[in-house]
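Residue numbers (my numbering), protein chains in the order written: chain A, 30 to 355; chain B, 3 to 423. Positions of the beta carbon are idealized from the N, C-alpha and C atoms, including for glycine. Let me begin by presenting the structure, written as structure tokens, before commenting on it.
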């Protein structure tokens, strides 16, 4: 099968949906003339013109609000945030308008919008530009939150997000834009709300998403050499959460470790671990393990950033603790 | 608006109930407070009353169904009301979950349960590495129960001695070979064993006793009492009662109840309960009496037994035991004990030891009163003796305290006249 970079897969999804439905448009900082800050929107201005691919001033709250208004009257906007660090400025629009219009209008209004852009640590960008802020959105009823880990998932999920009748927060990974993976030529969709087992195993379940899936897979490889069989479940969709997939895996392995790139206190990982501890109590052989970045702002120094984030060795140690090995 | 009637928690430890009988049928009018069904709980058969006025539109459970607390039993509403939506939503399983919230126990004529503030089981006490408590992972505990494995026979390989899955797997695998060869010799090839379903009571006994046995460190003190005076006095009392035409008859067990209650009052160190981070010292003496019933046992409680006369105790025991056998005890009649007595004397048992009934800290197991040769002043004579064994929770009661209680009990049973003072 052909291989595409994560950003190319996203570009294909946007191009296919722009072509498929003339209500779809892309708007954000540098998405048109500059072809995107991370080159996700390469070629889209040429192909679809300035009415479908629109550059905005640096006003996140403003263009998020314009997008939400457009969605409420029938268009299907895709709003690019240059990164989710900047989307905090638009949080009021997203939380108080997009997430609540269907509910507060008694179903008369809907808001079929996608808010997308990169999140997470990105290598030497400092405390303000390296944050994993998915918790802010996963916390809010009325939003769906998707965080794909591969080019294949990114394309299929972005197409589903654009077609979804409700607001979807679609968080990409800044570090993974250039990572390649298999993507078929023919069209496909991946439903929101479905997890994916990225590696099957029998001794311990790792529950994770986005870039941490790859850290988990690397650790699983090393652990396999030591005789420990790890199942890596990529949650992909954090709201709604695929509880059935979690149940199925943990009932098989009796152990779980939850890994996230974000801070750990009051986080998505905390809620996933709470769900496993409560719902699967009788199936657990060990306390649910958790890994997350340290409770500090991201250090700017090259040598300190990697020490702040979960890595393969952390995962290996956590899985061994859960398996009572060493 | 039609309402769902769900299985209620009719006893403190009930998590499942069996529908014994509908007292109403579909189409019957029911008013609030009226009895609609009989439910067999883990302890007794209870009558369930309606919370609503209306017509029983649909019965969702049949006689003999065993259903978890919160499961739908029936729909009540207005005559000819359309309940298809409600029934459809039941199929999809949504409201049953909401109904699984703990429901208030409403039993016809039941007074509030006066259980001392205690956790449901010793297993729910908080764990800390220093408290010497057995640590077991949830799945290991479940596997042990399913395999009928006594956890105290398993050693834990996890941190702090926690028993984990692999320890149970090893323990199950170990005796397998021995089992197979024994079975090969003993079992006739074609006599198929009968599989008997567990009653609610049997399930609760199985679950609770595994909990108690695996989490409570028992020790035992045994003593032999001279029962000659007690037997003589009992004869006298019963002759007197018969002559007065009262119809009450005092048993040896009634006298042991009274003597134990007075001994506990005089020696309160055993009238306690271990509560994880503290001990409860009871001021009152409430004595549970183990009564064998059809498919198990239950311990009705004689409250303030130290303050009651022998004839009152005799009357109460007979009445409670009778209703226990008919499964008609109310929850407040079998809970709240501070000490228990189990007596197998009537079966000619010499002595035995009993498992503690938590949250109590001790239980007295009594054998038969027997005439046996005894040595008195260097001569062999015929003596009247009874052997008793006190099981104590070592977290709350030490050996000397157990012995101290038996010393006190000996005083009353060997000089029963003291019970009158």
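Outcome for residue i when other beta-carbon atoms lying within 10 angstroms are tallied against a minimum of 16
i	result
residue 102 of chain A	exposed
residue 154 of chain B	exposed
residue 297 of chain B	exposed
residue 231 of chain A	exposed
residue 116 of chain B	Its pLDDT being 37, under 50, residue 116 of chain B is placed unreliably by the model, and nothing is read from it.
residue 161 of chain A	buried
residue 107 of chain B	With a pLDDT of 38 at residue 107 of chain B, under the threshold of 50, the modelled position of this residue cannot be trusted, and the question is left open.
residue 349 of chain B	exposed
residue 153 of chain A	exposed
residue 332 of chain A	exposed
residue 321 of chain A	buried
residue 135 of chain B	buried
Contact set between residue i and chain A, taken where Cβ atoms lie within less than 8 Å
i	result
residue 139 of chain B	313, 314 and 315
residue 159 of chain B	353
Closer than 8 Å to chain B by CB, residue i
i	result
residue 304 of chain A	no
residue 166 of chain A	no
C-beta contact flag for residue i and residue j at 8 Å
i	j	result
residue 231 of chain B	residue 410 of chain B	no
residue 257 of chain B	residue 312 of chain B	yes
residue 32 of chain B	residue 78 of chain B	yes
residue 128 of chain A	residue 171 of chain A	yes
residue 96 of chain A	residue 56 of chain A	yes
residue 116 of chain A	residue 327 of chain A	no
residue 261 of chain A	residue 228 of chain A	yes
residue 53 of chain A	residue 105 of chain A	yes
residue 363 of chain B	residue 272 of chain B	yes
residue 371 of chain B	residue 386 of chain B	yes
residue 88 of chain B	residue 6 of chain B	yes
residue 344 of chain B	residue 292 of chain B	yes
residue 71 of chain B	residue 10 of chain B	yes
residue 326 of chain B	residue 295 of chain B	yes
residue 163 of chain A	residue 111 of chain A	no
residue 366 of chain B	residue 262 of chain B	yes
residue 189 of chain A	residue 213 of chain A	no
residue 239 of chain A	residue 290 of chain A	yes
residue 34 of chain B	residue 52 of chain B	yes
Minimum C-alpha distance to residue i - residue among the options
i	options	result
residue 308 of chain A	A:177, A:326 and A:285	A:285
residue 233 of chain A	A:168, A:278 and A:156	A:278
residue 36 of chain B	B:20, B:220, B:348 and B:55	B:55
residue 65 of chain A	A:322, A:46 and A:37	A:37
residue 418 of chain B	B:208, B:353, B:316 and B:236	B:236
residue 368 of chain B	B:80, B:353 and B:376	B:353
residue 243 of chain A	A:270, A:265, A:223 and A:157	A:265
residue 126 of chain A	A:300, A:58, A:333 and A:195	A:195
residue 339 of chain B	B:20, B:266 and B:42	B:266
residue 276 of chain A	A:269, A:218 and A:310	A:310
residue 179 of chain A	A:83, A:165, A:214 and A:225	A:225
residue 236 of chain A	A:94, A:317, A:68 and A:124	A:317
residue 2 of chain B	B:75, B:396 and B:300	Chain B is shown only over 3 to 423; residue 2 of chain B falls outside these bounds and no answer can be derived.
residue 157 of chain B	B:219, B:138, B:149 and B:147	B:138
residue 336 of chain B	B:358, B:323 and B:406	B:323
residue 269 of chain A	A:240, A:292 and A:168	A:168
residue 260 of chain B	B:73, B:34, B:379 and B:422	B:422
residue 338 of chain A	A:315, A:90 and A:288	A:288
Interface residues of chain A facing residue i [CB-CB closer than 9 Å]
i	result
residue 163 of chain B	Neighbours of residue 163 of chain B on chain A: none; closest Cβ ~12 Å, over 9 Å.
is_contact[residue i, chain A] using C-beta, thresh 8 Å
i	result
residue 149 of chain B	no
residue 144 of chain B	yes
residue 253 of chain B	no
residue 166 of chain B	yes
residue 18 of chain B	no
residue 129 of chain B	Residue placement at residue 129 of chain B is flagged as unreliable, the pLDDT there being 37, under the threshold of 50; the coordinate-derived value follows with that caveat. Chain A, which has no Cβ nearer than 8 Å to the Cβ of residue 129 of chain B, makes this no.
Listed by chain order, chain A residues near residue i by CB distance under 7 Å
i	result
residue 72 of chain B	Near residue 72 of chain B there are no residues of chain A at all, since even the closest Cβ is about 17 Å away, more than 7 Å.
residue 242 of chain B	The premise fails here: residue 242 of chain B is roughly 59 Å from chain A at the closest Cβ pair, so nothing lies under 7 Å.
7 Å Cβ cut-off: residues of chain B touching residue i
i	result
residue 283 of chain A	141 and 167
Under 8 Å from the C-beta of residue i: neighbouring residues of chain B
i	result
residue 310 of chain A	140
Closer than 7 Å: residue i CB and nearest the ligand GDP heavy atom
i	result
residue 381 of chain B	The model on display carries no ligand, and the ligand GDP is accordingly not part of it.
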